[in-house]
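Colleague: Below you will find the structure I want to go over with you.
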Amino acid sequence: MTKARTVDVVIVGASLSAAAVAKRLVDAGYETIALERFCLPRTKPCSGIISPRGHRFLIENFGPLPKEVLHEPTSCKGVTFYFPGGVELPMEFDHGSTPHLNRTYSDHWTIQRSGAEIHDNMRFLSASDQGTHVDIVAGNGQEEKLYRARYLIGADGPNSKVVRTLYPEYREAITWFTVKQHLHEIVDCPLDPAYFHYWFHPELGYYTWSHQRNGRQIVGVGHEANDDFSLRHAKALHYLEDRHKVKLGPCVTRETSVNNFGLSLINRYVFGRGNIIVTGQAAGFLNMIAEGMSAALHSGAIAGEAAVDAFRLNRPIQEIYRTMIQSEVRRCSDQWNIMKILFGRPHEADFMGTLAKRSKREKLIVLKDVAKFLAPWGKYNWGRQMLWQAITRQVTGGYNPRRWR
Ligand SMILES: Cc1cc2nc3c(=O)[nH]c(=O)nc-3n(C[C@H](O)[C@H](O)[C@H](O)COP(=O)(O)OP(=O)(O)OC[C@H]3O[C@@H](n4cnc5c(N)ncnc54)[C@H](O)[C@@H]3O)c2cc1C
206 MTKARTVDVV IVGASLSAAA VAKRLVDAGY ETIALERFCL PRTKPCSGII
256 SPRGHRFLIE NFGPLPKEVL HEPTSCKGVT FYFPGGVELP MEFDHGSTPH
306 LNRTYSDHWT IQRSGAEIHD NMRFLSASDQ GTHVDIVAGN GQEEKLYRAR
356 YLIGADGPNS KVVRTLYPEY REAITWFTVK QHLHEIVDCP LDPAYFHYWF
406 HPELGYYTWS HQRNGRQIVG VGHEANDDFS LRHAKALHYL EDRHKVKLGP
456 CVTRETSVNN FGLSLINRYV FGRGNIIVTG QAAGFLNMIA EGMSAALHSG
506 AIAGEAAVDA FRLNRPIQEI YRTMIQSEVR RCSDQWNIMK ILFGRPHEAD
556 FMGTLAKRSK REKLIVLKDV AKFLAPWGKY NWGRQMLWQA ITRQVTGGYN
606 PRRWR
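The sequence shown runs 206 to 610 under this note's numbering.
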């Protein structure tokens with residue numbers, strides 16, 4: 206093994222949260238390396254519909270988006286919710302359309318523009334916090350490399366190795382979900398290609414969506430990690446044909462991802478220990494209808510700023526990060542908070558405003574269908590925790606940091 210490479214910060218991952226971390230550090234003059242397990246540009250299963258807030262972040266921090274980082278159609282107007290009782294609610298995003306990102310190229314573009322030194326095909330393997338610095342081992346199957354950094358930042362996504370290194374019990378402690386999207390040839394598809402389509406249907410799965418990409422139709426299904434996906438996918442295809450007259454040909458591409466869904470609903474974020482902090486979806490950030498890119502970017506920027514402040518003030522990074530990250534926790538968990546949904550405006554498409562314009566009968570159908578959709582979630586015991594977090598938020602103005610790892 207070679208001598209350790211010493212730098213200010215090592216980031217694990219080279220995706221959107223990592224790019225935001227790196228941007229803050231490099232701009233402040235700190236030597237930063239991003240380790241990525243795959244060769245870049247790599248593929249990343251994602252619908253690629255970024256929220257308006259995430260879009261603004263990209264432009265403000267990395268500049269105007271080049272065409273190569275977009276799929277066709279290049280933008281998305283909004284989202285349509287479908288309820289089994291027959292109600293359809295199309296909602297435009299606030300402030301107009303948002304880009305349809307091709308994650309293979311958008312992620313590579315952002316990490317390059319961050320100015321960090323990128324070590325791709327280099328998987329993070331282990332870390333040991335020595336108090337004054339962190340020793341890190343990474344490898345690619347042929348060779349192992351050593352790094353030494355003042356801080357290590359885990360931006361390595363839902364199944365984070367950094368989190369599992371810090372908390373070996375984590376794998377068993379949470380419920381894992383699988384999200385799969387199949388791209389199909391289109392025979393006939395009446396669903397509006399300018400919208401992202403989402404079904405609140407308890408029999409289809411906890412997360413069922415469809416939209417157009419590069420002349421193909423995505424049909425995606427999310428379910429518990431040990432469920433039978435083929436059955437759920439077949440059910441979704443059948444439902445789309447039966448209910449919406451969507452006729453699709455064979456599947457041409459399949460994408461799968463394991464997900465730590467649920468942490469932002471019940472305020473169980475994971476922010477690390479000592480000189481190691483965690484951000485992005487690795488920390489549990491995931492907005493409503495699995496929009497994770499804007500939270501990844503914003504939490505990543507906060508992690509980067511926390512590291513800059515820890516350097517400048519010579520104070521513990523955990524203390525700084527856990528204080529600063531509260532704003533993003535509020536932003537993300539508010540999206541799942543029933544009080545905020547009913548009496549605030551936490552989303553970037555106006556669900557309550559759109560529903561308010563519908564007849565009394567349609568409102569009742571939606572209410573009943575949402576209740577039916579939520580029933581299967583009872584087994585996770587999240588409802589009571591969500592309610593308690595919502596009350597805490599009303600009373601204290603924030604979410605309880607003692608629930609964080
Ligand atoms: C099917 C699907 C559809 C989605 N659709 C949307 C959508 O339309 N809009 C939206 O906003 N969000 C969507 N999301 C969620 C979104 O993709 C994530 O929330 C977001 O990418 C999280 O960003 P991140 O930077 O935190 O992590 P990731 O994007 O997961 O990046 C983590 C990076 O770390 C690397 N890595 C992992 N382990 C290691 C290791 N040991 N060593 C080195 N590198 C490592 C990975 O290869 C990856 O490049 C979707 C997710 C899925 C699965």
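Quick reminder that beta carbons are idealized off the backbone N, C-alpha and C, glycines included.
Take every Cβ of the region 234 to 241, pair it with every Cβ of the region 322 to 332, and state whether three or more of those distances are shorter than 8 Å.
Modeller: yes
Colleague: Are there 16 or more other CB atoms within 10 angstroms of the CB of Arg448, so buried, or fewer, so exposed?
Modeller: A residue is called buried when at least 16 other Cβ atoms come within 10 angstroms of its Cβ; Arg448 does not meet this threshold and is exposed.
Colleague: Say the cut is 8 Å; is the CB of Met296 nearer than that to a heavy atom of ligand 1?
Modeller: no
Colleague: Relative to ligand 1, is the shortest distance from any of its heavy atoms to the C-beta of Ser280 smaller than 8 Å?
Modeller: no
Colleague: At what residues does the beta strand (DSSP E) containing Gly549 begin and finish?
Modeller: From DSSP, Gly549 is part of no beta strand (DSSP E); its letter is neither H nor E.
Colleague: Measuring straight from C-alpha to C-alpha, what distance separates Pro363 and Asn465?
Modeller: 5 Å
Colleague: Would you mind stating whether Met498 and Ile316 have Cβ atoms separated by less than 9 Å?
Modeller: no
Colleague: I think Phe298 touches Glu533, with their Cβ atoms under 8 Å apart; what is that distance to the nearest whole Å?
Modeller: At roughly 20 Å, the Cβ-Cβ gap does not stay under 8 Å, so Phe298 and Glu533 are not in contact.
Colleague: In the DSSP assignment, what residue or residues form a beta bridge with Asn464?
Modeller: Phe382
Colleague: Tell me which same chain residues have a C-beta within less than 7 Å of the C-beta of Lys568, skipping the five on either side of it?
Modeller: For Lys568, the CB contacts under 7 Å within the same chain, skipping 5 residues up- and downstream, are Leu560 in chain order.
Colleague: Any heavy atom of ligand 1 closer than 8 Å to the Cβ of Met493?
Modeller: It does not: the Cβ of Met493 is nowhere closer than 8 Å to a heavy atom of ligand 1.
Colleague: Give the single residue among Glu349, Arg598, Arg536 and Asn431 whose Cα lies nearest to the Cα of Ala209.
Modeller: Glu349
Colleague: How long is the line joining the alpha carbons of Ala343 and Ala354, rounded to whole angstroms?
Modeller: 13 Å
Colleague: When you compare only the Cα positions, how much space is there between His503 and Gly218?
Modeller: 16 Å
Colleague: Output the boundary residues of the beta strand (DSSP E) element that contains Lys577.
Modeller: Unbroken run through Lys577 is the alpha helix (DSSP H), Lys565 to Leu579; no beta strand (DSSP E).
Colleague: Three or more C-beta pairs closer than 8 Å, one from the region 588 to 598 and one from the region 467 to 474: is that the case here?
Modeller: yes
Colleague: Hey, would you say Arg308 sits closer than 9 Å to Cys251, going by beta carbons?
Modeller: yes
Colleague: Nearest CA to the CA of Val292: which residue from Arg418, His389, Leu572 and Gln590?
Modeller: Leu572
Colleague: Is it buried or exposed, Lys565, if we count other Cβ atoms within 10 angstroms and call 16 or more buried?
Modeller: exposed
Colleague: Just reading off the alpha helix (DSSP H) that Met591 is part of, what are its end residues?
Modeller: Trp587 to Thr601
Colleague: Is there at least one Cβ from chain D nearer than 9 Å to Leu371's Cβ?
Modeller: Structure shown: chain D not included; a single protein chain is present.
Colleague: At the level of alpha carbons, what is the spacing between Arg418 and Ala399?
Modeller: 10 Å
Colleague: Let me know the beta strand (DSSP E) ranges lying completely inside the region 297 to 321, each 3 residues or longer, listed in chain order.
Modeller: 303 to 306
Colleague: Helix, strand or coil: how does DSSP classify Thr528 here?
Modeller: helix
Colleague: Mapping the DSSP letters down to three states, classify Val226 as helix, strand or coil.
Modeller: helix
Colleague: Rounded to a whole number of angstroms, what is the C-alpha to C-alpha distance between Lys452 and Leu396?
Modeller: C-alpha separation (whole angstroms): 11 Å.
Colleague: Determine the direct distance from the alpha carbon of Ser220 to that of Asp361, and round the result to whole angstroms.
Modeller: 8 Å
Colleague: Closest by CA to Ser311, which one among Ala225, Gly283, Phe286 and Glu374?
Modeller: Ala225
Colleague: Can you tell me whether Asn464 sits near ligand 1, meaning its C-beta is under 8 Å from at least one heavy atom of the ligand?
Modeller: yes
Colleague: Of the residues Tyr352, His305, Tyr403 and Leu230, which one's Cα is nearest the Cα of Phe556?
Modeller: Tyr403
Colleague: Since I believe Phe548 is in contact with Phe405 (beta carbons under 8 Å), could you give me their beta-carbon distance rounded to a whole number of angstroms?
Modeller: Contact doesn't hold; Cβ gap of about 21 Å is too wide.
Colleague: State buried or exposed for Lys562, treating a residue as buried only when at least 16 other CB atoms are found within 10 Å of its CB.
Modeller: exposed
Colleague: What's the C-alpha gap between Arg607 and Phe476?
Modeller: 12 Å
Colleague: What is the DSSP secondary structure of Ser365, counted as helix, strand or coil?
Modeller: coil
Colleague: Is the beta carbon of Tyr356 sitting closer than 9 Å to the one on Ile507?
Modeller: no
Colleague: Just verifying my parser: in three-state terms, what is the DSSP assignment at Lys272?
Modeller: helix
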